[in-house]
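So the structure is just underneath, and the comments pick up after that.
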Amino acid sequence: MPDSNLTSLFAPASSSAEQRDDRPSGRTVDVLDALDDQLDEAPRRSAHLGVDLSDAGARAGAWRAVGSESPRLFDGQRLQELVATAQRGVLDFALFDDSFSLQPTRNTTLRGRLDAALVASRLAPRSAGIGLVATVDTTHTEPFHVSKAIATIDHVSAGRAAWQVGWSTTEAGAALFGRKDAQATADAVAEAEEAIEVVSRLWDSWEDDAEIRDVASGRFVDRDKLHYVDYDGVRFAVKGPSITPRSPQAQPPVVVRGDSAEALALAGRRADVVRVRATTLDGARALRDQVRAAAAEAGRNPDDLRVLVDVYAVIGQDRASAQARLDLLEGLEGITWDTGSLTHVGTARDLAEVVEEWFDAGAADGFTIRPSSLRTDLDALVDDVVPLLQEAGVFRSAYPGSTLRDTLGLARPANRYAAAIA
Amino acid sequence: MTNPTPASTARSRDGRPRKQIHLGAHFPGVNNTTVWSDPASRSQIDFSSFEYLARRAEEAKLDFFFLAEGLRLREHKGQIHDLDVVGRPDTLPVLAALAAVTDRLGLAGTVNTTFNEPYELARQFASLDILSGGRAAWNLVTSPDAFTGANFRRGGFLPYEERYERAGELVALARQLWDSWDDDAVDTEDGLVRPGGVRPVAHHGKHFEVSGRFETPRGPQGHPVLFQAGDSADGRDFAAATADVVFSAHSAFEDGQAFYADVKSRLAAHGRDRDSLKILPATVVVLGDTAEEAAERAREIRLQQVPGRTAIAFLEQVWGRDLTAYDPEGPLPDVEPDLEHLSITRGRVRHISDPGPVVRGWREKAAANGWSIRDLVIEVSGRGGFVGTAQQVADDIDRHVQEDASDGFILVPHLTPAGLDDVFDQVVPLLQERGSFRTEYTGTTLREHLGLERPEAGTVPAPAGDTVAAGAISSARPS
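Chains as they are written, first to last, in UniProt numbering: chain B, 1 to 422; chain E, 1 to 479.
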């Protein structure tokens, strides 16, 4: 492992990204840490850790390797147990991927998938603290439906919903709807951006105190506090207001996967959480700088973005056993794993060190962990990796508030329509 | 209300086995049936309200919970209507969340077909069916109006007369998608999909072009239970061809019997058994320790439901003009309806094409009875329902079912969320004592509760575009 302290010291001082706090970090400054504790100063900012709970795991072969669990792959109770584990680890969020067309992989391991928004909502009443990120498409769906679905998950979860913006560029996806041809990435991303604009307007279309229940005047709402969004864009027009009142977080965090130049630019303008793929610390830092610069250019405060690197994780007692498990999964799939992002095959301690190093170096605000096999790697993450990170002072030991925005350190936004009137 | 009929044997009067009553609990809607001014009224948005009603309904062994949908806030005289409850959450996520806090209760929701595509609807309901262990039901409605369409990409794209055929094609296609996975498509040993276990779908119809592979396994019910609320002759035929449950407006006894006989008689033409379609009218229940007390309570609730401003707004819908200068406690307006502005209220179900006869009839009634505007509206906008002691109401409900005026009821409370508590506590036990209502769930799926067959994959004919049976599908009621 490179020396994390050195990496931190050599981080470019010009970027505010690295100025998370005003002291050096790493394991060589334990004395200072102890002193800080005594002085009861503000704790170090926590890294952000989400977990991708889609399907059986990041590896197609995990579908087959789950053994006795395979009949339960779609069982709500199983998902609930996984979320409870993630919550025990004080993770920021559990994420559910989605798309309309799943093609069989080479060895015909056809997988099934449930609607991610409904999965997230199913998990909301029996969880607390942990955020629930649902992927919802923008290419083939209605922004009005997206807005009320995510707002409703936010109501049901008392402020723990987030929306990962999906779009589709495949012929297969287009053929399932039959309304338009497959779109190029730039076009699909532009459409997604319109959808984000409409959805965020609809989320503000009710002011927080619109419901008045004024018996004296007989009025249930103050209609001056309900707003038409009157969106008239290139691809659609939406009148509003939403059918659903403003939710606990007001604007549930918008998550964007920055896996193309267009998507990274979109993320800079629109995202609260950006997921990036990077295989090296420097590569991650460059992406983070890029998306933060895009945010600044769009007139946003770059510190309002959380840039998380995807980490594919195979965690074992030692490196050999992790590698053996990967070999097993690859054997089941008949292909070699090429993730395009940070791939960790090793021990919990190794992974904790990588997280700490990249976080301290300003290469990432955190990580989205993609367990190779859900239960095995999630257990290892929560039981082994998280305690090491807490010990090292780079990860929280309790949720700071009740909403996902609280956990991410993002303020609840003011209402654009209320502000316009005031 | 009708007189109670003594019936406490295992068989009804004509010797047939005692029919089992089916009951649904309707979450309060956004029309003036729901009284929000009462101190006992709670949030229509907080999940705790939904959870409360669902848990109480499940304790009472009801068949299902029912949630309606909204896609545009109602407007009156060009402004958002502010006198009734405004705002609600999204139907399907609420039902998915309720699946986490209930085990047996059916979860039925209205989802409009007009502003959704068949692939996503099929996928959402299959997902809900799986996440709830086989408890999903879909109340299928359409609304082709441009007012609602203004919130959607395609606007009011659908000609009124085509909404029925589009819905028919959509249902048939959804069933084809659900059936494209065999029940045992996923091998439970190795998690692999059996060769041939999932078949691609290719549909080329008048309204839809869909091809590809469905990605959600077949749910425990095969197909979610399909509700339909059509009332015209076409709507009844559509229900007879397609639906599992009719959400009916015919709750009065004789009217109910006529509707029941008519719809059931249409089943044979579609090769369906008489019991394969359940007819469940929406109804309200008001209880008292005596019949007089119940009647007095019913009157008080009606006064709460129709405050003065609501009465005026109700008349304005028919008159098509501003009537705020009139005293709701005074006589009916002397001005005539404005035929140019009959769409003064938008986003609701009822529309009157010719107000002339309606206004004449109301004036005659009001004059004959000495009614004020508010008295009249209380009378003409009432839903009827069961009013009496718990014993009287239980007798009456059972009589409706045993004598084929319905197969049960969808109970609509006036208070959120505890408005059905007295029905659960007082009426349901009496129905159970009579042997007309379950004391325990005997199945796990809503189809089992309702006594409906589980459809086998491959038994539904493929949709044939414009040859699919078309019928009237109206919006859900009560709202």
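Glycine residues also receive a C-beta, built at the ideal position from the N, C-alpha and C atoms.
No experiment lies behind these values; they were computed from the predicted model shown.
Where residue i meets chain E, residues with beta-carbon distance less than 9 Å
i: HIS140 of chain B; result: GLU117, TYR119 and GLU120
i: THR279 of chain B; result: The premise fails here: THR279 of chain B is roughly 30 Å from chain E at the closest Cβ pair, so nothing lies under 9 Å.
i: GLY218 of chain B; result: SER37, ASP82, LEU83, PRO307, GLY308, ARG309 and THR310
i: GLU207 of chain B; result: Chain E residues near GLU207 of chain B: none, gap ~12 Å exceeds 9 Å.
i: SER101 of chain B; result: GLY212, ARG213 and GLU215
Interface partners of residue i on chain B, CB under 8 Å
i: GLN79 of chain E; result: ARG223
i: PRO328 of chain E; result: Those within 8 Å of PRO328 of chain E in chain B number zero; the least Cβ separation is about 11 Å.
i: LEU73 of chain E; result: LEU226, PRO241 and ILE243
Burial state of residue i, where buried means 16 or more other Cβ atoms lie within 10 Å
i: PHE27 of chain E; result: buried
i: GLN391 of chain E; result: exposed
i: GLY106 of chain E; result: buried
i: ASP214 of chain B; result: exposed
i: ARG235 of chain B; result: exposed
i: ASN415 of chain B; result: buried
i: PRO6 of chain E; result: For PRO6 of chain E, the predicted model reports a pLDDT of 43, less than 50, meaning its position is unreliable; a value from the coordinates is still stated below. Its Cβ having fewer than 16 others within 10 Å, PRO6 of chain E is exposed.
i: ASP90 of chain E; result: buried
i: GLU433 of chain E; result: exposed
i: GLN316 of chain B; result: Reading off the sequence shown, one finds Gly at residue 316 of chain B, where the question assumed Gln. Label assigned to GLY316 of chain B: buried.
i: THR279 of chain B; result: exposed
i: GLU448 of chain E; result: buried
i: TYR160 of chain E; result: exposed
i: SER265 of chain E; result: exposed
i: ARG405 of chain B; result: buried
i: ASN32 of chain E; result: buried
i: THR347 of chain B; result: buried
i: PHE409 of chain E; result: buried
i: GLU204 of chain B; result: In the sequence on display, residue 204 of chain B carries Asp and not Glu. By the 10 Å Cβ count, ASP204 of chain B comes out buried.
i: residue 492 of chain E; result: Past the boundaries of the shown model lies residue 492 of chain E; chain E is included only from 1 to 479, so the question cannot be answered.
i: LEU341 of chain E; result: Leu is not the amino acid found at residue 341 of chain E; the sequence shown has His there. Its Cβ having fewer than 16 others within 10 Å, HIS341 of chain E is exposed.
i: ASP327 of chain E; result: exposed
Per-residue contacts from residue i into chain E (C-beta, under 7 Å)
i: LYS239 of chain B; result: ALA150 and ASN151
i: ARG122 of chain B; result: ALA96, ALA97, ALA99, ALA100 and LEU131
i: PRO245 of chain B; result: ILE45 and GLY87
i: LEU114 of chain B; result: SER127, ILE130, LEU131 and THR216
8 Å Cβ cut-off: residues of chain E touching residue i
i: LYS180 of chain B; result: By Cβ distance, chain E contributes nothing, its closest Cβ being about 11 Å from LYS180 of chain B, past 8 Å.
i: VAL215 of chain B; result: SER37
i: ALA192 of chain B; result: Simply none; closest approach about 14 Å.
i: PHE144 of chain B; result: LEU71, PHE115, ASN151 and PHE152
i: LEU176 of chain B; result: TYR119, VAL210, SER211 and GLY212
Contacts that residue i makes with chain B (C-beta to C-beta distance below 7 Å)
i: ARG123 of chain E; result: ASP115
i: PRO93 of chain E; result: ALA117, LEU118, SER121, ALA149, THR152, ILE153 and VAL156
i: GLY70 of chain E; result: ILE243
Per-residue contacts from residue i into chain A (C-beta, under 7 Å)
i: ASP90 of chain E; result: Within the model displayed, chain A is absent; protein chains B and E are what it includes.
Item to check | At least three beta-carbon pairs within less than 8 Å, the segment 148 to 167 of chain B to the segment 243 to 256 of chain B | outcome: Yes, they touch.
Checklist entry - Taking a cut of 7 Å between CB atoms, which residues from the segment 131 to 162 of chain E lie near chain B? => result Residues passing the 7 Å Cβ filter: LEU131, ALA150, ASN151, PHE152 and ARG153.
Checklist entry - Three or more beta-carbon pairs under 8 Å between the segment 90 to 97 of chain E and the segment 124 to 131 of chain E, yes or no? => result With a cut-off of 8 Å, the segment 124 to 131 of chain E and the segment 90 to 97 of chain E count as touching, because enough Cβ pairs lie within range.
Item to check | Validate contact between the segment 136 to 152 of chain B and the segment 168 to 179 of chain B using beta carbons, cut 8 Å, 3 pairs | outcome: Contact between the segment 136 to 152 of chain B and the segment 168 to 179 of chain B is present, with at least three C-beta pairs closer than 8 Å.
Item to check | alpha helix (DSSP H) runs wholly inside the segment 204 to 236 of chain B, at least 4 long, in chain order | outcome: No alpha helix (DSSP H) of 4 residues or more sits fully in the segment 204 to 236 of chain B.
Next on the checklist: Closer than 8 Å is the cut-off here; do at least three beta carbon pairs connect the segment 203 to 217 of chain B with the segment 166 to 174 of chain B?
Outcome noted: Taking 8 Å as the limit for Cβ pairs, the verdict is that the segment 166 to 174 of chain B does not touch the segment 203 to 217 of chain B.
Item to check | 3 or more residues per run - each beta strand (DSSP E) lying fully within the segment 145 to 173 of chain B | outcome: As for any beta strand (DSSP E) of minimum length 3 sitting wholly inside the segment 145 to 173 of chain B, the runs are 161 to 166, ordered along the chain.
Checklist entry - Which ranges does the alpha helix (DSSP H) cover as unbroken runs of at least 4 residues, wholly within the segment 320 to 375 of chain B, from first to last along the chain? => result Taken in chain order, the complete alpha helix (DSSP H) segments of 4 or more residues contained in the segment 320 to 375 of chain B are 348 to 360.
Checklist entry - Would you call the segment 399 to 412 of chain E and the segment 37 to 45 of chain E touching, i.e. three or more CB-CB distances under 8 Å? => result Verdict: no, contact absent.
Item to check | Contact the segment 326 to 334 of chain B vs the segment 353 to 369 of chain B: 3+ CB pairs below 8 Å | outcome: In this structure the segment 326 to 334 of chain B does not touch the segment 353 to 369 of chain B; the number of beta carbon pairs closer than 8 Å is below three.
Item to check | Contained beta strand (DSSP E) runs [length at least 3] in the segment 208 to 237 of chain E, N- to C-terminal order | outcome: Segments of the beta strand (DSSP E) lying fully in the segment 208 to 237 of chain E: 209 to 212 and 225 to 228.
Checklist entry - When Cβ atoms are compared, which residues of the segment 203 to 214 of chain E fall closer than 9 Å to chain B? => result Only those residues of the segment 203 to 214 of chain E whose C-beta falls short of 9 Å from the nearest C-beta of chain B are listed: HIS203, HIS204, PHE208, GLU209, VAL210, SER211, GLY212, ARG213 and PHE214.
Checklist entry - At a Cβ cut of 9 Å, what residues of the segment 50 to 65 of chain E count as close to chain B, listed as they run along the chain? => result Answer in chain order: PHE50 and GLU51.
Next on the checklist: At 4 residues or longer, what runs of the alpha helix (DSSP H) sit wholly inside the segment 271 to 348 of chain E?
Outcome noted: Runs found: 291 to 305 and 308 to 319.
Checklist entry - Quick one: complete alpha helix (DSSP H) runs, 4+ long, within the segment 101 to 178 of chain E? => result Correct list: 118 to 131, 146 to 149 and 163 to 178.
Checklist entry - Do three or more CB pairs link the segment 273 to 293 of chain E to the segment 407 to 423 of chain E at distances below 8 Å? => result They touch, by the three-pair rule.
Checklist entry - What residues in the segment 125 to 138 of chain B have a beta carbon less than 7 Å from any beta carbon of chain E? => result Hits within the stretch, in order: PRO125 and ARG126.
Item to check | Members of the segment 239 to 262 of chain E near chain B, C-beta cut-off 8 Å | outcome: Within the segment 239 to 262 of chain E, no residue has a Cβ that lies closer than 8 Å to any Cβ of chain B.
Next on the checklist: Along the segment 300 to 325 of chain E, where does the CB come closer than 8 Å to a CB of chain B? Name the residues.
Outcome noted: Taking 8 Å as the Cβ-Cβ cut-off against chain B, the residues of the segment 300 to 325 of chain E that qualify are PRO307, GLY308, ARG309 and THR310.
Next on the checklist: To test your reading of the DSSP string, which unbroken alpha helix (DSSP H) runs of 4 or more residues are found completely within the segment 41 to 112 of chain E?
Outcome noted: Secondary structure in the segment 41 to 112 of chain E: the alpha helix (DSSP H) runs of 4 residues or longer, each lying completely within the stretch, are 47 to 59 and 91 to 101 in chain order.
Checklist entry - Is the number of C-beta pairs between the segment 267 to 275 of chain B and the segment 288 to 307 of chain B that are closer than 8 Å three or more? => result Taking a cut-off of 8 Å on C-beta distances, the segment 267 to 275 of chain B touches the segment 288 to 307 of chain B, as three or more cross pairs fall below it.
Item to check | Validate contact between the segment 200 to 218 of chain E and the segment 176 to 189 of chain E using beta carbons, cut 8 Å, 3 pairs | outcome: Segments in contact, yes.
Checklist entry - Using 8 Å as the threshold, is the segment 297 to 308 of chain E in touch with the segment 273 to 282 of chain E, meaning 3 or more CB pairs across them? => result At 8 Å Cβ cutoff, the stretches do not touch.
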